[in-house]
Each structure stands twice: as structure tokens, then as C-alpha cells.
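Okay, so here's the structure we're looking at.
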Amino acid sequence: MKTFALTLAATLVLGVANAQAPPAAQGQPAQQEVKVVTTKLGGNVYGIDGQGGRAAALIGPDGIFLVDSQFARVSDKIVAALKELSPSPIKFLVNTHVHGDHTGGNENFANLGATILGRPALRAQLLNPRPGPGNGAVPPVAPPTALPVVLFDAPTTVYLDGETVHMIPLPAAHTDGDTAVKFDQADVLMTGDVFRSQGFPAAAVTNGGSFLGTIEALTQMIAIAGPNTKVVPGHGPVVDKAALVFHRDMAVTVRDRVAKLLREGKSADDILASKPTAEFEEKVGGPPAFIPQFVNGLITELSAQKR
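Below, the structure is given as C-alpha cells:
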């Protein structure tokens, strides 16, 4: 694995100077009062719940390592919550994927001195935004200081605060720039939105996501999780490896059912009517709209494989 020394930060922060810039944070939600809560996950790693997908922070004397930045309007509250845990500055920020509820605060943290890390595909989408999930709106182009300046497409390790932090690039799953983050000593695995502990897989196809790729990415994360690993999804309660395995096995079962029906010549309407997800729906939970999206996505991708 590649290893970045702590001294790398000062040198690489300068690499964004010539990027194009527009105004505004991406995907900013309507104004509402938000409280930021930190919860110890293991070791010196804390989950951060505020506004957006769940973030996390490794704290210690060497500096703070932040996973995701949520929306821009809660950056000050995140900083205040972290100061209650540690006086150290935020040194690194890695984005698990491009969506605004995970990257919206990037600029604010970069202005505080954090070095941003991420996948090349993520940086490319921040510079050339595509329609996002939900309302399909195209976010504004990210300002230059919001962009990752340390890019990786291979497993990459940071040693900080006595912790070994692995950044694991995943195949195109929720988006085409997904990253899982494993804190070895704390035994905490951050999955981003590739895994939601409540809800069927939600691949953002317009952002390069793939339902079949999500199954592959779940399998990859299972391989790096131990029996006691705290699995921290982008959305939903913190769970364990067994929950991750269940979610992957469910997705494989539904995939195989859809593939069989396609081989039998069934139409998309026939496949949806057969309810291939029925036995899992109560346990998986989450938004009901994710169910037809998942099945239709599998139909589309499996049909494309046959051509």
C-alpha cells in the first residue's frame, strides 16, 4: 500500500491554485436547526452525526483525520464538536464519494488547513458535476479549495495518532469514485453510501454507480471486516460484519432471481410483479422507492451483459 507521510500535507495543498471556481456549496439543504453529535466508535475514532451522511474523525496529538464533511452549513458545528474532543487541528479529510452531503463542507475544512484526499473520479465529478440522485439537479462546480489534492486509485495508508488508516478504493458501486476507510486499531470500517444499514442498494447511476458493482464492493468490504468490526454506513445505524454479509447475500439472491427470470424471457414488468425482494423487505427496511430502483437497475445491467 502507498503511505503518505504527515509532512505531505503542506506541499500538496498548493496543487489546487489553477482550478475553475464557481460559488456555493453543493446540494445545500433548506435551512433548519441542526445539532452535531459525536459518538465514540472505537479507539480514538468518533462518529459525527449532523446534517448529511455520517462522518467520522480520528483524533489525537498528531492531528485530526476526518472522513467526509457533510453539508457546508454545519462545518462550524462540526469544528466546535471536535474541539470538545481534541485541541488538534484537522489535518486530513477523505471523501467516501462525491455527493454534497459528504463533500459540501470540503472548502471550509480546506480553509482551516486540511488536506483533502479522494479518488480521481470524485475530483472529476466535482469539477464536471452530473445530475445527482433524487431530483436530478446538477450541483454547481466545486470551488478549487474543495477539491481533493491527494488522489489515489490503489489502497493507500496514513499513519496518524497511533492509528493505521486504510483508504480502500472500491469498484463503481454507489458512484464511480467510492472509497471505504478502515481504522485498524479502532476496528472501525466506514462504508460511505455503498452500504446503508437500512434500505436496498442505491446506486447513483448518473454518478457512475452500478448495482452489480455494489455487490462486488460489499464483498470487498466483507473481506476486510473482522468479527468485531464496527461497520459504519453512510446512512443508518452502526452495525457489524454479520449485517454487511446479510446485505450482500440478499443482493446476490435478488440478482440471481432477476437473472433467472431474464433467461426465461420475462419482461421488466413481469419481474417486478414477481416481487423478487419480498422476503427481505421487512428486515432491510429503508425507503420503499429503493426497491423498484434496485430491481430495475439489476434488470438493466444484467440485460446489458447479454448483448
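In the numbering used here, the protein residues as written are 3 to 309.
Virtual Cβ for every residue (Gly too), placed ideally from N, Cα, C.
Would you tell me roughly how many angstroms separate the C-alpha atoms of residue i and residue j, rounded to the nearest one?
i, j, result
"ALA21", "ASP163", "Note that ALA21 has pLDDT 28, beneath the 50 cutoff, so the model's placement of it is unreliable and no number is given."
"ALA206", "THR177", "6 Å"
"ASP51", "PRO141", "23 Å"
"ALA182", "ALA275", "35 Å"
"PHE292", "LEU114", "37 Å"
"ALA270", "ILE301", "7 Å"
"THR255", "GLY62", "43 Å"
"MET223", "LYS243", "9 Å"
"PHE202", "VAL100", "20 Å"
"ARG198", "GLY287", "10 Å"
"ALA268", "ALA174", "Here the sequence assigns Lys to residue 268, which means Ala is not the residue at that position. Answer to the nearest angstrom: the Cα atoms are 27 Å apart."
"VAL241", "ARG250", "14 Å"
"ARG121", "GLY102", "15 Å"
"GLU218", "ALA83", "35 Å"
"ALA225", "PHE154", "20 Å"
"ALA116", "GLY45", "22 Å"
"LEU10", "ARG75", "Bear in mind that a pLDDT of 35 at LEU10, under 50, signals an unreliable position, so the number given afterwards is only what the model happens to contain. Distance between the alpha carbons of LEU10 and ARG75 is about 28 Å."
"THR105", "ASN97", "6 Å"
"ASP272", "LEU220", "28 Å"
"PHE185", "VAL47", "8 Å"
"PRO294", "ALA204", "10 Å"
"GLN200", "VAL143", "31 Å"
"THR279", "GLY211", "20 Å"
Can you tell me whether residue i is buried or exposed, with buried defined as 16 or more other CB within 10 angstroms of its CB?
i, result
"SER77", "buried"
"LYS285", "exposed"
"ASN209", "buried"
"SER305", "exposed"
"LYS232", "buried"
"PHE296", "buried"
"GLN53", "buried"
"GLN127", "buried"
"GLY29", "The predicted position of GLY29 is uncertain, since its pLDDT is 46 and thus under 50; a value taken from the coordinates is nonetheless stated next. With 16 or more Cβ atoms within 10 Å of its Cβ, GLY29 is classed as buried."
"PRO146", "buried"
"LYS37", "exposed"
"PRO289", "exposed"
"PRO131", "buried"
"ASP180", "buried"
Helix, strand or coil for residue i? Go by DSSP, reduced to three states.
i, result
"PRO146", "helix"
"ALA139", "coil"
"PHE202", "coil"
"ASP155", "coil"
"PHE296", "helix"
"GLY194", "strand"
"ALA253", "helix"
"VAL100", "coil"
"SER305", "helix"
"VAL241", "strand"
"LYS232", "strand"
"GLY44", "strand"
"ILE66", "strand"
"THR177", "coil"
"LEU274", "helix"
"PRO122", "helix"
"ASN130", "coil"
"ALA261", "helix"
"LYS85", "helix"
"THR13", "Summary for THR13: the model assigns pLDDT 31, below 50, so the residue's position carries little reliability; its value from the coordinates is reported in the next sentence. It is helical."
"ASN215", "As written in the sequence, residue 215 is Gly, which differs from the Asn given in the question. Residue state, collapsed to three classes: helix."
"GLU283", "helix"
"SER77", "helix"
"ALA227", "coil"
"GLU109", "helix"
Per DSSP, which one or two residues make a beta bridge with residue i?
i, result
"ASP51", "VAL39"
"HIS168", "THR159, LYS184"
"THR117", "PHE94"
"ALA58", "GLY49, VAL69"
Please tell me whether residue i has its Cβ less than 9 Å away from any Cβ of chain B.
i, result
"ASN230", "Judged by its chain identifiers, the structure shown contains no chain B, having just a single protein chain."
Using 8 Å as the cut-off, can you tell me whether the segment 132-147 makes contact with the segment 37-46, which would need three or more C-beta pairs spanning the two stretches below that distance? no
Three CB pairs or more closer than 8 Å across the segment 64-74 and the segment 97-112: yes
Could you tell me whether the segment 233-251 touches the segment 259-266, where touching means 3 or more Cβ pairs closer than 8 Å? With the rule of 3 Cβ pairs closer than 8 Å, the segment 233-251 does not count as touching the segment 259-266.
Under 8 Å, with one C-beta from each stretch per pair, do the segment 142-162 and the segment 188-203 reach the 3-pair mark? no
With a cut-off of 8 Å, do at least 3 Cβ pairs link the segment 167-176 to the segment 79-91? no
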